[in-house]
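Protein sequence lines, in the order shown, are assigned to chains S and B.
First residue of the first sequence: 1425, per this note's numbering; consecutive thereafter.
First residue of the second sequence: 16, per this note's numbering; consecutive thereafter.
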Amino acid sequence: MKTLALMLLAFASPIITLQAADWPQFRGPSATSVAPEAVPDTAWQEKPNVLWTADLPGRGPSSPIVSGGRVFVTSSWGDPQDRLCVLALDAATGKELWRREFWATGRTLIHPFAAVAAPSPATDGKHIFAFYSSNDLICLDFDGNLVWFRGLAYDWPKAGNDAGMGSSVVAIGDTVIVQMENQGDSFAAGISTDTGETRWRADRKRVACWCTPVSITVPGENRPAVLLQSSTELTAHDPRTGAQFWRHEARCSTLSTLAASGSRIFLPAAGITALEWSAANEPPKVLWQSNRLNVSNCSPMFNADRLYMINGAGVLNCAEAATGKSLWQLRLAAGQGSFWSTPVIAGSRMYCFREDGTALVVGLGDRGELLGSHAFGEAILASTAAADGALYVRSDRHLWKIGSR
Amino acid sequence: MVPIAELVRSVRPYRVVFLIAALAAASVQAGESMDVKPLLESLRGVGLRGQGHPAAIAAWPKLAEASVDQLTEILAGMDGADILACNWIRAAAETIIQRHLAGGGKLPVASLEKFLSETGHSPRARRMAYELIVRDDPSAPRRLMPGLLNDPSLELRRDAVAMTLDDAKALVAGNREEAIAAYRRAWDASRNVEQAQAAGVALRELGIATSLVEHFGFLTDWKLIGPFDNRNDVGFDTAYPPEKELNFDAKCAGKLGEVQWSDFRSSDALGVVDLNEAYGRAKAANGNGYADTPETLPRFKGTVAYASTSFTAAEPRDVEIRLGCINGHKVWLNGELIIANHVFHTGMTVDQYSGKGKLRAGKNTLLIKVLQNEQSDDWAQNWQFQLRVCDELGTAVLPAERSAKSPDKP
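So this is what it looks like as structure tokens:
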């Protein structure tokens, strides 16, 4: 019986599965920067209601992810930043549950502003996929057990960018998608979540790009696709095989990643170009294009038929998603630094984090209204996570949970 | 009860392997001693592109159940292993440690210190051992670091140099000679540019001449020829005459007319060869950027230049050629291509690229091709490189014919 019990244990599917309230990847479950549930107003009135603060090692512009009552954070340190770390914290208390460290196998030279832990991790509810500028991809379970480790630049040594790579990973079904576009070995790949083996690999243009793959559903079919945004094109692929559905030529941003909702794609190209994808193998059609809706470092957000973008001057633009018509603007920075962190929308509020560590709370409605601000006193480059009615804000050194008791 | 055969049929093949491993582990409780060698071998079998994953995925959970008393045996599994395997092994070691400490256990510090002292072990494994020792005893660095100043682990060496620099700084006010001796130790041991710079500055302030060029072995005397054509990015794959024959007396057709070799000596403290400077690109009056004209710009953008130098070695030996370069480049040692990167303007730093080569006794020839693209951005104007010859630890290998270089300026 003992043998059978152990055998069943070996087969047992992990109990943890992705919950609706989780924040499983860069820009949240829908990759549109919208919280699965509202953050109570009491969480942030005069100032943020900090439920706990956790110290973090090293550096990391990567976003935290939240799943199964745990927060996962990546960071890097060393000279030259060749030490990689995955940290798990109890979401309720901020207590560190475990940490795992690794040695980078790829290039770790990086612009001093950035860090090797720039790409955000992702989870499928069973595994954590931690990805780094060194192109190391690590799969752990929720208890910190190593499932597999891939050195993708170990395999393709010219993959890298000495300014830093920043594309985050996305898990779709049983495949984790990486997009490693750079001047050397430039490619996207689908990696088996179970074994770490490569399902497919597709060459990409040898131009640096920091955009993240985005999951979307094939119109009229109940199967996923993945969108890959590059400097001169947007392509759609089957995540399990890499087979390309279509290619749309456009001069796209290489920093700011598209937002998708249903069959609509809001592509940062010539301002914003809205596309409608109507059939699997048919390229999308342009719905509208507006060069007044400029993006800069952070990505566009989509919520309730509205699009939001922060431009290079620190102005938040709100536009009608159906037409691209600009509805209102709100200045969030006037020479006080730029935004690298993509804001998060929770309920009727948007939480924005400027590079200088200033948080700005914006009320969303017929116009944008600045409701408050708070100086965290540390640079904030990471995009904030929102789960279970709370915000998870990170700097290099700290992770703050903000919520209502 | 579900029949085992049916259970096995219902899962994917890799899970069968996992099942077998789990069954094999059934007789061993977590934390008990086991034969870790075959498990380590499975982890050491991981390779390029996921090679060896099924066996490693089966072995890892079992290895992670080993006793903490086997920690150094597991760390020794990193000896001679490549970095992929080291990471798999490290994760198992961390899991063992976490479980052991959570159960109220203590780290096996004595065996870890012995492991650390055995420099034949993997530098990564020894660094991990050191960090575990320090985790148990935060005062350990003061005790251990002096013995690690010239360690083959560059991480350990860097920490030891940092401590020596701190000690030297504290000595300056009270004992100049001891301070100089400490700074000299730090200087000699440093393989990190920032640390060498810090030691060098301090020594010069104490009246002791130093040269970063000598310390790191940057090559400063070059013969240059160019520009050749790199418009539309044609230059990387085009073999211009210097790639076919190195004749320093020859003239050949360049991008803008006939070109010939000329001598250039870098006076940069880190041996940077600035090709804009070498080819006379005029600086802007305000100091920002360059004062280009439509006539002069083609000499500096969309271009290729070659640089060559000779290097006399007393005997044959393996070396690393290390390059910093913000432009596309190729490097040949005695006609063999050892570094090539078609990458532009992503930054430049010491030892940015590295290639292994073999020096032969007597004269060796280095040739580097440096490409400049046509980007007009102000951050895309640098056209430069720095190159040195060293061993795998970064210790300079100097050419026998090298003339004495001027010490760094105070």
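Even glycine gets a Cβ: it sits at the ideal position worked out from N, Cα and C.
In this text, all values refer to a predicted model and were calculated from it rather than measured experimentally.
Can you tell me the Cα-Cα spacing of S/L1788 and S/T1747, whole angstroms?
S/L1788 and S/T1747: Cα-Cα distance of roughly 19 Å.
With 16 other CB atoms within 10 Å as the buried threshold, where does B/A40 fall?
Note that B/A40 scores a pLDDT of 46, beneath 50, so its modelled location is shaky and nothing firm can be said.
Chain B partners of S/T1619, CB-CB under 8 Å?
Under the 8 Å cutoff, chain B gives Y29, G65, H68, P69, I72.
Quick one: what does DSSP say B/F263 is sitting in, helix, strand or coil?
Coil.
Please classify B/S168: is it buried, with 16 or more other beta-carbons within 10 angstroms of its beta-carbon, or exposed?
By the neighbour-count criterion, in which 16 or more other beta carbons inside 10 Å mark a residue as buried, B/S168 falls on the buried side.
Sorted by chain position, which residues of the same chain lie with C-beta nearer than 6 Å to S/W1501's C-beta, five sequence neighbours on each side aside?
Same-chain partners within the cutoff: G1482, R1507.
Counting only Cβ pairs nearer than 7 Å, list the residues of chain B close to S/E1605.
Chain-order list of chain B residues neighbouring S/E1605: empty, with the shortest C-beta distance near 13 Å, by a criterion of under 7 Å.
For S/P1472, which beta-bridge partners are listed by DSSP?
For S/P1472, which the question treats as bridged, DSSP gives the partners S/W1468.
Chain-ordered residues of the segment 1578–1596 of chain S with a beta carbon less than 8 Å from chain B
Along the segment 1578–1596 of chain S, going in chain order, the ones with a CB nearer than 8 Å to a CB of chain B are Y1578, D1579, K1582, N1585, D1586, A1587.
In chain S, which residues lie with their C-beta within 8 Å of the C-beta of B/H136?
Chain-order list of chain S residues neighbouring B/H136: empty, with the shortest C-beta distance near 15 Å, by a criterion of under 8 Å.
Of all the CB atoms in chain B, is at least one closer than 8 Å to the CB of S/L1788?
Judged by the 8 Å Cβ criterion, S/L1788 is not in contact with chain B.
In angstroms, rounded to a whole number, what distance separates the CA positions of B/T87 and B/A284?
Using only the alpha carbons, I get a separation of about 43 Å.
Alpha carbon to alpha carbon, what distance is there between S/P1453 and B/L38?
Note that B/L38 scores a pLDDT of 42, beneath 50, so its modelled location is shaky and nothing firm can be said.
Taking 8 Å as the CB-CB cut-off, is B/H230 touching chain S?
It does not; no Cβ of chain S falls within 8 Å.
Please confirm if S/N1727 has its CB atom under 8 Å from at least one CB of chain B.
Chain B, which has no Cβ nearer than 8 Å to the Cβ of S/N1727, makes this no.
Between which two residues does the beta strand (DSSP E) carrying B/W237 extend?
First-last of the beta strand (DSSP E) with B/W237: 236–244.
Assigned secondary structure, B/S132 (DSSP; H/G/I helix, E/B strand, else coil):
Three-state DSSP puts B/S132 in a helix.
Who does S/I1596 pair with in a DSSP beta bridge?
Beta-bridge pairing links S/I1596 to S/T1599.
For B/H115, three-class secondary structure by DSSP:
It is helical.
Secondary structure, beta strand (DSSP E): runs of 3+ residues fully inside the segment 1524–1586 of chain S:
Runs of the beta strand (DSSP E) lying entirely within the segment 1524–1586 of chain S, each at least 3 residues long, are 1551–1555, 1560–1565, 1570–1575 in chain order.
Alpha helix (DSSP H) containing B/F400: first to last residue?
Segment 399–405 is the beta strand (DSSP E) holding B/F400; no alpha helix (DSSP H) there.
For the alpha helix (DSSP H) holding B/K52, just list the boundary residues, first then last.
Where B/K52 is concerned, the enclosing alpha helix (DSSP H) stretches over 52–59.
Could you check the C-alpha separation between B/A36 and B/L78 for me, to the nearest Å?
Here B/A36 scores only 46 on pLDDT, less than 50, and its place in the model is too uncertain to base an answer on.
Which whole runs of the alpha helix (DSSP H) in the segment 1759–1810 of chain S are 4 residues long or more, in chain order?
The DSSP assignment places no complete alpha helix (DSSP H) segment of no fewer than 4 residues inside the segment 1759–1810 of chain S.
Could you tell me the distance, in whole angstroms, from the CA atom of B/A265 to the CA atom of B/T361?
Using only the alpha carbons, I get a separation of about 34 Å.
Closest Cα partner of S/D1598 within the set S/K1550, S/E1645, S/D1567, S/N1721
Nearest C-alpha to S/D1598: S/K1550.
Closer than 7 Å at the beta carbon, the chain B residues around S/R1574:
Proximity of chain B to S/R1574 at the Cβ level (cut-off 7 Å) is accounted for by G65, in chain order.
By the criterion of Cβ-Cβ separation under 9 Å, what are the contact partners of S/E1673 in chain B?
Neighbours of S/E1673 on chain B: none; closest Cβ ~20 Å, over 9 Å.
By DSSP's criteria, S/C1509 is part of a beta bridge. Which residues make up the other side?
Note: S/C1509 sits in a beta bridge opposite S/S1499, S/E1525.
Segments assigned alpha helix (DSSP H), at least 4 residues, entirely inside the segment 320–369 of chain B:
With a minimum length of 4 residues, no continuous alpha helix (DSSP H) run stays inside the segment 320–369 of chain B.
Buried or exposed: which applies to B/T110, given that a residue is buried once 16 or more other Cβ atoms fall within 10 Å of its Cβ?
Result: buried.
Spell out a yes or no on whether the segment 1561–1578 of chain S and the segment 1628–1643 of chain S are touching, meaning 3 or more CB-CB pairs, one atom from each, closer than 8 Å.
They do not touch, by the three-pair rule.
Cutoff 8 Å: S/V1600 Cβ touching any chain B Cβ
So no, S/V1600 is outside the interface.
Unbroken alpha helix (DSSP H) runs of length 4 or more, entirely within the segment 145–175 of chain B: which are they?
List check, alpha helix (DSSP H) in window: 155–159.
So what does DSSP say about B/E209, is it helix, strand or coil?
When DSSP states are grouped into helix, strand and coil, B/E209 belongs to the helix group.
For B/E109, decide whether its Cβ has a neighbour in chain S, counting only Cβ atoms nearer than 8 Å.
Yes, contact with chain S.
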